[in-house]
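Read through the structure below, which is laid out as structure tokens, and then see the notes.
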Amino acid sequence: MKRIVVFTGAGVSADSGISTFRDADGLWANYRIEDVCTPEALRRDRATVIEFYNMRRRESLTKKPNAGHLAIAAMEEWADVQVITQNVDNLHEQAGSKRVLHLHGELMKLRSESNPNLIYDINDGWEQSLDAKAEDGSLLRPYIVFFGESVPMFEPACQIVSEADILIVVGTSLAVYPAASLVYYVRDRQVPIYLVDPGNPDTAMIRNPLTHIKERGAVGLPQLIEQLKNEFA
Ligand code: OAD
1 MKRIVVFTGA GVSADSGIST FRDADGLWAN YRIEDVCTPE ALRRDRATVI EFYNMRRRES
61 LTKKPNAGHL AIAAMEEWAD VQVITQNVDN LHEQAGSKRV LHLHGELMKL RSESNPNLIY
121 DINDGWEQSL DAKAEDGSLL RPYIVFFGES VPMFEPACQI VSEADILIVV GTSLAVYPAA
181 SLVYYVRDRQ VPIYLVDPGN PDTAMIRNPL THIKERGAVG LPQLIEQLKN EFA
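Numbering-wise, the sequence shown is residues 1 to 233 according to the working numbering.
Now the structure itself:
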């Protein structure tokens, strides 16, 4: 069985109606990272940060996986598939993908402010109240990797990429590090890399054979995956 690693960014969820970050109408056109996505922001203006993630959580509850997520999940019928996502939504899981690593955290979880390993699922609703506390008595915060924080899942992600026979990269500008550098951790220069993205991600550093499918995920992924299935299933 081919080992296929799928590395996704905000673009894979764009066809489900979730905004990306750096496109013209993206989230970072309307919010400043320093106001909502840094540890300093959480200290300075906790209410704004928590409200930002409450709004994103409320929005995400109305969204459904699209044809791209579903094609990735269906690939498990004939390949050994691991998804690594920068996204904090759970649309890969909703589509049926069984092995999903979240590099930047998960919207439907909260964690203790002082203990990153004390993590709670939000099973009901979308709202984190400002004064909700963890068992250790600390305030809860969104389970999101903020800018300036370390990315604890990066090393396991590197290991997964190094075992890939094929790497598929979807809907990411490859602008945020260390996540973007995952493409360098393929086993050797022969491993083919497929990129599905209607825009122009920063591929300057990719040395492997690269096929850029300039389509949105809901169109390009089912096509690519059908082609790979015909070749390898
Ligand atoms: P970006 O917003 O930087 O990039 C989105 C990518 O999706 C671009 O390359 C677009 O061309 C592409 N895209 C747009 N519509 C698409 C569609 N329908 N189908 C496929 N691709 C499409 O998002 P990311 O690269 O995911 O981090 O951003 C990386 C990180 O920056 C995020 O995880 C987030 C953000 O700040 C944190 O919040 C910690």
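Glycine included, every Cβ here is placed at the ideal spot set by N, Cα and C.
Keep in mind the model is a prediction, meaning the values are calculated, not measured.
CB of V6 within 8 Å of CB of V176, strictly: The answer is no: Cβ separation not under 8 Å.
Assigned secondary structure, H92 (DSSP; H/G/I helix, E/B strand, else coil): Judged by DSSP in its simplified three-state form, H92 adopts helix.
Which residues DSSP lists as bridging K229, in chain order: In DSSP, K229 forms no bridge with anything.
Contact between the stretch 2–20 and the stretch 77–85 (3+ Cβ pairs under 8 Å): The stretch 2–20, when compared against the stretch 77–85, does touch it at the 8 Å Cβ threshold.
Own chain, CB closer than 7 Å to F21, minus 5 neighbours either side, in chain order: Correct list, in chain order: A10, L27, W28.
Sequence-distant residues of the same chain with beta carbon closer than 7 Å to L61, five excluded per side: These residues qualify, in order along the chain: W126.
Any non-hydrogen atom of ligand 1 within 7 Å of Q223 CB: Not one heavy atom of ligand 1 lies closer than 7 Å to the C-beta of Q223.
CA-to-CA distance, N117 to A154, given in whole angstroms: Checking the sequence, you will find Phe at residue 154 rather than Ala. Rounded to the nearest angstrom, the two C-alpha atoms are 16 Å apart.
Chain D within 8 Å of Q190, Cβ atoms only: Reference to chain D is not applicable here, since this structure consists of a single protein chain.
Check: T172 C-beta below 7 Å from any heavy atom of ligand 1: Annotation for T172 indicates a beta carbon within 7 Å of some heavy atom of ligand 1.
Cα-Cα separation between A164 and E226, rounded to whole angstroms: When rounded, the distance between both Cα atoms is 19 Å.
Residue from S150, D45, T8 with nearest C-alpha to L130: In terms of CA proximity to L130, D45 leads the group S150, D45, T8.
heavy atom of ligand 2 below 7 Å from V81 C-beta: Ligand 2 is not part of this structure, which contains only ligand 1.
Proximity test, G26 beta-carbon vs ligand 1 heavy atom, cut-off 7 Å: Yes, the Cβ of G26 comes within 7 Å of a heavy atom of ligand 1.
C-alpha distance - I72 paired with P65, whole-angstrom precision: Approximately 11 Å between the Cα atoms of the pair.
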